[in-house]
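Colleague:
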Amino acid sequence: MLLHHQAPISLSSSTRAAARAQPKRHAPAVAASPLRLHNSRRLAALVAAALQETNVLLIGNGGREHALAWKLSQSKLCKKLFVAPGNPGTAAEPKVQNIPLDTADHASVVEFCRAYDVGLVMIGPEAPLVAGLADDVAAAGIRAFGPSAAAAQLEGSKKFMKDVCKKYNIPTAAYETFTEPNAAKEYIRQQGAPIVVKASGLAAGKGVIVAQSVEEACQAVDDMLVGAMFGEAGSQVVVEEFLDGEEASFFALVDGRNAVALASAQDHKAVGDGDTGPNTGGMGAYSPAPVVTPEIEAQVMDEIVLRTAEAMVSEGCPFRGVLFAGLMIKNGKAKLLEHNVRFGDPECQGLMARLDSDLLAALMQACDGELSSVKLSWKPEAALTVVMAAAGYPGSYKKGTPINNTDAVSTAKVFHAGTALDASGQLVASGGRVLGVTALGKDVAAAQEAAYEGVKAIDWADSYYRKDIGWRAVARLKQEQHA
1 MLLHHQAPIS LSSSTRAAAR AQPKRHAPAV AASPLRLHNS RRLAALVAAA
51 LQETNVLLIG NGGREHALAW KLSQSKLCKK LFVAPGNPGT AAEPKVQNIP
101 LDTADHASVV EFCRAYDVGL VMIGPEAPLV AGLADDVAAA GIRAFGPSAA
151 AAQLEGSKKF MKDVCKKYNI PTAAYETFTE PNAAKEYIRQ QGAPIVVKAS
201 GLAAGKGVIV AQSVEEACQA VDDMLVGAMF GEAGSQVVVE EFLDGEEASF
251 FALVDGRNAV ALASAQDHKA VGDGDTGPNT GGMGAYSPAP VVTPEIEAQV
301 MDEIVLRTAE AMVSEGCPFR GVLFAGLMIK NGKAKLLEHN VRFGDPECQG
351 LMARLDSDLL AALMQACDGE LSSVKLSWKP EAALTVVMAA AGYPGSYKKG
401 TPINNTDAVS TAKVFHAGTA LDASGQLVAS GGRVLGVTAL GKDVAAAQEA
451 AYEGVKAIDW ADSYYRKDIG WRAVARLKQE QHA
């Protein structure tokens, strides 16, 4: 198992009172030194020394947030980690306490941070970012890790993202934007199929139709613009060129002007083995993605990540947070499919398993504009996550089905996503994607074996999972071994 569980620690009433009485503290700025710092490690050490232990508030309740809570709780800088609302998995991590905080009420979030001396708020999902939670937390003088509402438009508005790409020469698919269905359909007929129709706004990962025919694309336009299939999110559509190749995900920390590469990953969106059937929120992932070679990573950092960061500064809304670039790779070159403004799920689980550096320190330095001094290290192993979903997902599925033996898994870390405890304390499924079983291995084949061994140890009769997560990377590995 990657990490043992401990019971959560509760703040006593006297501790809470003391926290309320304490003034708000921030990490002091690093004083300018009369000495020239030729050694980047020395600069990094000085910056890190300025960081103070702090209480942290993590927003979210999914598998991504469990992975982040698990990693943040390991930091020497983390005194106490609150998760709102969290899940049974986060509650079992050391230093962690779930709290029933209404995160849509930004004033309540700020009040909580002041009462419990929270020094950093990390916002996991995209919706609170688009709603401006980071803005309101930062305005209260509290570190907020995540982009402003203006910068979060990179995910909240596909039109905005594509317009930024066009204006600043960021490689992406050709596109046009429409609010009138007949104009959109005329453009589709001119371009032909396959072609992609996207709801411009947030549609919970469901607003993208890869149409194989003109008729299918026109129907998607009607569904969105006329039938309001995705509500306000689909009141504007982006129709774009179909790109073929191999998809991958790439992540970087950005502090406004500086960026630090995190790692690559590849997820499996289709529900069925062999990447068949309808798309889901993600049935599994592995990291690193072999298709993202060092040459492609350099291109992505230069032409996509850094160019986007520079563009956002020029647009008057500097980006601070995690920039998630969804890529299509062909013939050794990457194009941007879309930007997300937070960690992916389930990609985050593997990234946190591989990260060998202090996550909280890096987040604090990103908030302080000090990423230029950050050097991240990674475990050499590959990580692989198998998502255990409720039978029937992404269609209709049952909730409340019992899950046992998650603590008996010895070959992997079990991250909770859609779980809850019933009145008797029994762990039950409460969502579609329920568990993310994540393992490390010397290569992706070894990680795959360990993850599936963990899956088989869990007693959950109503589960469904793909049997081939990582198949592309495993096939590549076998070809290399036989070459």
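All residue numbers for the sequence shown refer to UniProt numbering, where the first residue is 1 and numbers rise by one. Quick reminder that beta carbons are idealized off the backbone N, C-alpha and C, glycines included. Treat the numbers as computed from the prediction; the structure is a model and nothing was measured.
1) Output needed for Ala107: all residues of its chain with C-beta closer than 8 Å, excluding positions within five of it in sequence on either side, in chain order.
2) Roughly how many angstroms separate the alpha carbons of Ala203 and Ser235, rounded to a whole number?
3) Where Val221 and Lys159 are concerned, what is the direct C-alpha to C-alpha distance, given to the nearest angstrom?
4) Just verifying my parser: in three-state terms, what is the DSSP assignment at Ile296?
5) Going by the beta-carbon positions, is the gap between Leu129 and Ala150 smaller than 7 Å?
6) Excluding the 5 residues preceding and the 5 following Ser430 in the sequence, name in chain order all residues of the same chain whose CB lies nearer than 7 Å to its CB.
7) Just to confirm, is the Cβ distance from Gly63 to Gly350 under 7 Å?
8) Exposed or buried, what is Thr293 when buried is set at 16 or more other beta-carbons lying within 10 Å of its beta-carbon?
9) Are the CB atoms of Val300 and Phe251 within a distance shorter than 7 Å?
10) Would you kindly check if the distance between the Cβ of Tyr464 and the Cβ of Ala389 is under 7 Å?
11) Can you give the beta carbon distance from Ala173 to Glu241, rounded, assuming they're within the 8 Å contact cut?
12) Output yes if chain C places a C-beta closer than 7 Å to the C-beta of Asn258; else output no.
13) Is the beta carbon of Ile329 less than 7 Å from the beta carbon of Ala248?
14) Verify whether the separation of the beta carbon atoms of Asn98 and Gly89 is less than 7 Å.
15) What residues are listed by DSSP as bridge partners for Ala248?
16) Just the Cα atoms here: how many angstroms apart are Val428 and Asp422?
17) Taking only three categories from DSSP, how would you classify Cys218?
18) Quick one: what's got a C-beta closer than 7 Å to Ser157's C-beta in the same chain, skipping five residues either side?
19) For Asn340, count the other beta carbons within 10 Å of its own beta carbon; 16 or more makes it buried, fewer makes it exposed. Which is it?
20) According to DSSP, simplified to helix, strand and coil, what is Ala483?
21) Report the rounded CA-to-CA distance for Ala483 versus Ile296, giving the unit in angstroms.
22) Give a yes or no on whether the C-beta atoms belonging to Ala451 and Leu384 are separated by under 7 Å.
23) Excluding the 5 residues flanking Asn258 on each side, which residues of the same chain have their C-beta closer than 7 Å to its C-beta?
24) Ignoring anything shorter than 3 residues or poking outside the stretch 146-203, list the beta strand (DSSP E) runs there in chain order.
25) What would DSSP say about Glu241, mapped onto helix, strand or coil?
26) Is Val386 closer than 7 Å to Val434 when the C-beta atoms are compared?
27) Run through the DSSP bridge pairs and tell me what Trp378 is partnered with.
28) Please confirm whether Cys367 and Phe145 have their CB atoms less than 7 Å apart.
29) Using a Cβ-Cβ cutoff of less than 7 Å, which residues in the same chain neighbour Leu72 once the five nearest sequence positions on both sides are dropped?
30) Using beta-carbon positions only, say whether Leu133 and Ile142 come within less than 7 Å of one another.
31) Nearest-angstrom Cα distance between Val96 and Ile209?
32) What does Met388 pair with, by DSSP beta-bridge criteria?
33) Indicate whether the contact test is met: 3 or more Cβ pairs, each with one atom in the stretch 466-473 and one in the stretch 271-283, closer than 8 Å.
34) Is the beta carbon of Gly432 closer than 7 Å to that of Pro346?
35) Between which residues of its own chain and Val164 is the CB-CB distance below 6 Å, once the five residues before and five after are set aside?
36) Starting from Pro278, trace the beta strand (DSSP E) both ways and give me its first and last residue.
Modeller: Put simply:
1) Start at 1 with the first residue of the sequence shown, and residue 107 comes out as number 107. Closer than 8 Å at Cβ, skipping near neighbours: Asp136.
2) Translated into the one-based positions of the sequence shown, residue 203 becomes position 203. Translated into the one-based positions of the sequence shown, residue 235 becomes position 235. Their Cα atoms are separated by approximately 11 Å.
3) On the sequence shown, residue 221 is found 221 positions in, with the first residue counted as 1. On the sequence shown, residue 159 is found 159 positions in, with the first residue counted as 1. So the two alpha carbons sit approximately 15 Å from each other.
4) For this step, residue 296 is matched to residue 296 along the sequence shown. Three-state result, Ile296: helix.
5) By 1-based counting over the sequence shown, the position of residue 129 is 129. By 1-based counting over the sequence shown, the position of residue 150 is 150. No, they are not a contact pair.
6) Here residue 430 is taken as the residue at index 430 of the sequence shown, counted from 1. Hits under 7 Å: Lys399, Gly418, Thr419, Ala420.
7) Taking the first residue of the sequence shown as position 1, residue 63 is located at position 63. Taking the first residue of the sequence shown as position 1, residue 350 is located at position 350. Cβ atoms of Gly63 and Gly350: not closer than 7 Å.
8) Here residue 293 is taken as the residue at index 293 of the sequence shown, counted from 1. It is exposed - the Cβ of Thr293 has fewer than 16 other Cβ atoms within 10 Å.
9) The residue given as residue 251 occupies position 251 in the sequence shown. The residue given as residue 300 occupies position 300 in the sequence shown. Not a contact, by the Cβ cut-off of 7 Å.
10) The residue you call residue 389 lines up with position 389 of the sequence shown. The residue you call residue 464 lines up with position 464 of the sequence shown. A contact, by the Cβ cut-off of 7 Å.
11) Within the sequence shown, the letter at position 173 stands for residue 173. Within the sequence shown, the letter at position 241 stands for residue 241. Correct: roughly 4 Å between the Cβ atoms.
12) Any reference to chain C falls outside this structure, which holds one protein chain only.
13) Mapped onto the sequence shown, residue 329 falls at position 329. Mapped onto the sequence shown, residue 248 falls at position 248. In contact: Ile329 and Ala248 (Cβ atoms closer than 7 Å).
14) Within the sequence shown, the letter at position 98 stands for residue 98. Within the sequence shown, the letter at position 89 stands for residue 89. No. Outside cutoff.
15) By one-based count along the sequence shown, residue 248 stands at place 248. Note: Ala248 sits in a beta bridge opposite Leu327.
16) Locating residue 428 in the sequence shown gives position 428, where the first residue counts as 1. Locating residue 422 in the sequence shown gives position 422, where the first residue counts as 1. Roughly 7 Å between the two C-alpha positions.
17) In the sequence shown, residue 218 corresponds to position 218, counting from 1. Three-state DSSP puts Cys218 in a helix.
18) Taking the first residue of the sequence shown as position 1, residue 157 is located at position 157. Correct list, in chain order: Ser200, Gly201.
19) If you number the sequence shown from 1, residue 340 lands on position 340. Under this definition Asn340 is a buried residue.
20) Working through the sequence shown from its first residue, we reach residue 483 at position 483. Coil.
21) Taking the first residue of the sequence shown as 1, we reach residue 483 at position 483. Taking the first residue of the sequence shown as 1, we reach residue 296 at position 296. The alpha-carbon atoms of Ala483 and Ile296 are separated by roughly 23 Å.
22) One-based indexing of the sequence shown puts residue 451 at position 451. One-based indexing of the sequence shown puts residue 384 at position 384. Yes. Within cutoff.
23) Taking the first residue of the sequence shown as 1, we reach residue 258 at position 258. Hits under 7 Å: Leu371, Ser372.
24) 175-178, 195-199
25) For this step, residue 241 is matched to residue 241 along the sequence shown. Glu241 falls in the strand class under three-state DSSP.
26) One-based indexing of the sequence shown puts residue 434 at position 434. One-based indexing of the sequence shown puts residue 386 at position 386. Not a contact, by the Cβ cut-off of 7 Å.
27) The count along the sequence shown starts at 1 and reaches residue 378 at position 378. Its beta-bridge partners are Leu355.
28) As a first step, residue 367 must be located in the sequence shown, where it is residue number 367. As a first step, residue 145 must be located in the sequence shown, where it is residue number 145. Cβ atoms of Cys367 and Phe145: closer than 7 Å.
29) If you number the sequence shown from 1, residue 72 lands on position 72. Excluding residues within five positions, the ones whose Cβ falls inside 7 Å are Val56, Leu58, Cys78, Leu81, Leu359, Leu360.
30) Residue 133 sits at position 133 when you count from the first residue of the sequence shown. Residue 142 sits at position 142 when you count from the first residue of the sequence shown. Going by C-beta atoms, Leu133 is not nearer than 7 Å to Ile142.
31) Translated into the one-based positions of the sequence shown, residue 96 becomes position 96. Translated into the one-based positions of the sequence shown, residue 209 becomes position 209. Taking the straight line joining both Cα atoms gives about 39 Å.
32) Sequence index remark: in the sequence shown, residue 388 carries index 388 (1-based). Leu435, per the DSSP bridge assignment.
33) yes
34) As a first step, residue 346 must be located in the sequence shown, where it is residue number 346. As a first step, residue 432 must be located in the sequence shown, where it is residue number 432. Not closer than 7 Å, so no.
35) Residue 164 sits at position 164 when you count from the first residue of the sequence shown. So the list reads Ala311, once near-sequence residues are dropped.
36) In the sequence shown, the residue the question calls residue 278 occupies position 278. Unbroken beta strand (DSSP E) run through Pro278: 276-279.
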